[in-house]
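Those letters in the sequence shown? Residues 1 to 314, per UniProt numbering, in order. The beta-carbon is built from N, C-alpha and C at its ideal position, and this holds for glycine as well.
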Amino acid sequence: MHLGTWSTMSAGSAERFDYWKDIVCDTLLHVDAHAAADVSRFSAELSLKSHLAGNFVRFKSQGHTIERSHRLLHAKPDERYLVSYQVSGVASVTQGDHRFQLRPGDVGIVSAARPMNLQFSDPVERIIALVPRSALEKSCPWLSPGVALHLPGEKIATRILSHLLMELSTTETEIGTNEELALGHIISELVGVRPSQDPGSVRDQQLRSRVFGFLTAHIEDPELAPGMVANQIGISERSLHYVLARAGTTFRTFIITERLDRAAEALGSPAWSHNSVSDIAFRLGFQDLSHFSRRFKERFGVPPSSYRLSKTGR
């Protein structure tokens with residue numbers, strides 16, 4: 001389904017970047033935009049299509065920077081992954097400890113649930129699929145919001161993925177429900193084809209899947225500790241910390257962040273409306289309410305009670 005097309009040409013030259021920033025970036029993509037030096041020459045256009053596999057965005061623009069900040073993580077929560085195909089120009093991507101450049105033909109995957117920064121020093125054209133987190137992680141169990149990926153364009157799986165993204169972002173042909181579901185599954189499977197599949201990398205991927213699978217399954221256990229996790233998985237603590245470091249995180253950071261994200265989800269859910277803030281915190285593994293409240297405010301910008309009020313009115 002074609003949802004619309006937006007262009008800065010509909011605004012006066014002095015208002016074009018503000019139009020792009022406020023109407024397009026903030027409203028549609030939930031990101032902040034920062035202009036290059038001369039906004040009078042700025043131009044951009046964007047089209048949006050919706051399929052069962054996700055929303056597909058195609059845009060062209062002059063150079064600028066887009067950012068998903070902690071403010072927007074709180075104001076406009078979004079758990080989707082952004083699977084982006086670089087059609088032209090160069091995008092410099094930063095998310096957590098992950099930094100890479102996307103050149104024409106490359107595909108990048110970042111999470112809208114974490115802060116990120118993308119810089120376009122020159123004109124660019126990009127196609128972005130906004131894919132539900134659950135759909136992508138089902139095919140890629142080693143993937144998590146703390147992991148940003150760069151898929152090189154010379155790989156055959158990346159080329160097939162890029163053609164599919166382009167087709168779904170431009171087609172005017174009506175697509176049946178079964179076909180849309182199948183195409184969404186194919187996208188997830190292609191993302192799951194890692195750049196290197198030598199025996200060593202396969203073992204690394206399997207270990208990473210076991211580590212993150214165990215952590216997410218036991219995230220509510222207040223006794224969760226590196227030694228216990230390593231023992232349950234059957235690896236050394238050193239190997240555990242190495243796996244987490246390769247994923248751009250640490251044991252403590254991942255546990256705290258995952259618990260806070262789950263707490264935010266619970267605070268905004270009617271299913272948890274009869275549970276107090278302290279009950280939610282303790283159920284999710286926090287043992288100190290003041291520590292929970294402080295860390296929650298650091299991540300989402302407001303105390304837990306205020307966050308719940310903004311989401312539920314209660």
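Bridge-paired residues (DSSP) for residue i
i, result
"Gly-54", "His-51"
"Ser-88", "Glu-125"
"Gly-108", "Ser-84, His-150"
"Asp-204", "In the DSSP output, where bridge partners are listed per residue, Asp-204 has none listed."
"Phe-100", "Val-93"
"Val-131", "Tyr-81"
"His-34", "Thr-65"
Coarse secondary structure for residue i, derived from DSSP in three states
i, result
"Gly-4", "strand"
"Phe-286", "coil"
"Glu-67", "strand"
"Lys-60", "strand"
"Asn-231", "helix"
"Phe-120", "strand"
"His-74", "helix"
"Ala-11", "coil"
"Glu-45", "strand"
"Arg-210", "helix"
"Asp-26", "helix"
"Val-193", "coil"
"Ala-225", "coil"
"Thr-312", "helix"
"Ile-175", "coil"
"Arg-114", "coil"
"Glu-220", "coil"
"Thr-249", "coil"
"Leu-143", "coil"
"His-163", "helix"
"Gly-184", "helix"
"Ser-293", "helix"
Residue of the options minimising C-alpha distance to residue i
i, options, result
"Val-110", "Val-147, Pro-104, Val-90", "Val-147"
"His-241", "Ser-290, Ser-47, Phe-212", "Phe-212"
"Ile-175", "Ser-84, Leu-52, Trp-6, Gly-248", "Leu-52"
"Arg-126", "Ala-36, Arg-295, Phe-59", "Phe-59"
"Gln-95", "Glu-79, Arg-103, Met-116, Gln-101", "Met-116"
"His-34", "Leu-118, Leu-102, Lys-76", "Leu-118"
"Glu-67", "Ser-50, Leu-29, Val-87", "Leu-29"
"Thr-228", "His-185, Phe-251, Val-31", "The question names Thr, yet the displayed sequence has Met at residue 228. Per the Cα distances, Phe-251."
"Pro-152", "Asn-178, Leu-143, His-70, Val-193", "Val-193"
"Ser-169", "Pro-145, Ser-84, Pro-104", "Ser-84"
"Phe-296", "Arg-238, Val-57, Leu-260", "Leu-260"
"Leu-86", "Thr-158, Asp-204, Glu-258", "Position check: residue 86 holds Gln in this sequence, whereas Leu was assumed. Ranking Thr-158, Asp-204, Glu-258 by Cα distance to Gln-86 puts Thr-158 first."
"Arg-114", "Asp-204, Pro-270, Pro-77, Leu-164", "Pro-77"
"Ser-134", "Leu-289, Glu-154, His-185", "His-185"
"residue 319", "Phe-282, Ala-247, Ala-75", "Examination of residue 319 is not possible in this model, given that the chain is present from 1 through 314 alone."
"Pro-145", "Asn-178, Glu-220, Glu-79, Ala-75", "Glu-79"
Sequence-distant residues of the same chain with beta carbon closer than 6 angstroms to residue i, five excluded per side
i, result
"Gln-62", "Phe-42, Ser-43, Pro-123"
"Gly-54", "Ala-129, Leu-130, Val-131"
"Thr-5", "Ser-47"
"Tyr-307", "Leu-267, Phe-300"
"Thr-27", "none"
Proximal residues to residue i (C-beta, below 8 angstroms), its chain only, five neighbours per side dropped
i, result
"Gln-197", "Any reading at Gln-197 must be qualified, since the residue scores a pLDDT of 47, below 50, and its modelled position is unreliable; no value is offered."
"Ser-10", "Tyr-19"
"Ser-305", "Val-277"
C-alpha distance - residue i paired with residue j, whole-angstrom precision
i, j, result
"Leu-181", "Pro-132", "13 angstroms"
"Val-107", "Ile-187", "12 angstroms"
"Arg-314", "Ser-276", "11 angstroms"
"Thr-65", "Ser-162", "23 angstroms"
"Ala-112", "Gln-232", "31 angstroms"
"Gln-287", "Leu-207", "29 angstroms"
"Glu-167", "Leu-183", "11 angstroms"
"Gln-101", "His-150", "8 angstroms"
"Tyr-81", "Ala-14", "33 angstroms"
"Pro-222", "Ile-256", "11 angstroms"
"Ser-236", "Thr-312", "44 angstroms"
"Gly-12", "Ser-40", "9 angstroms"
"Cys-140", "Thr-216", "14 angstroms"
"Thr-8", "Asp-32", "16 angstroms"
"Leu-244", "Val-93", "20 angstroms"
"Leu-309", "Leu-73", "16 angstroms"
"Pro-199", "Ser-209", "With a pLDDT of 42 at Pro-199, under the threshold of 50, the predicted position of this residue should be treated as unreliable, though the coordinate-derived value follows. Approximately 15 angstroms between the Cα atoms of the pair."
"Ala-91", "Ser-69", "18 angstroms"
"Glu-45", "Arg-103", "20 angstroms"
Any chain C beta carbon closer than 7 angstroms to residue i
i, result
"Ala-129", "The displayed structure is made up of one protein chain only, and chain C is not part of it."
Same chain, Cβ closer than 7 angstroms to residue i, five either side skipped, listed in chain order
i, result
"Gly-89", "Phe-120, Asp-122, Pro-123, Val-124, Glu-125"
"Ser-293", "Pro-303, Pro-304"
"residue 328", "The requested residue 328 does not occur in the structure, where the chain is confined to residues 1 to 314."
"Leu-136", "Tyr-81, Leu-143, Ser-188, Val-191"
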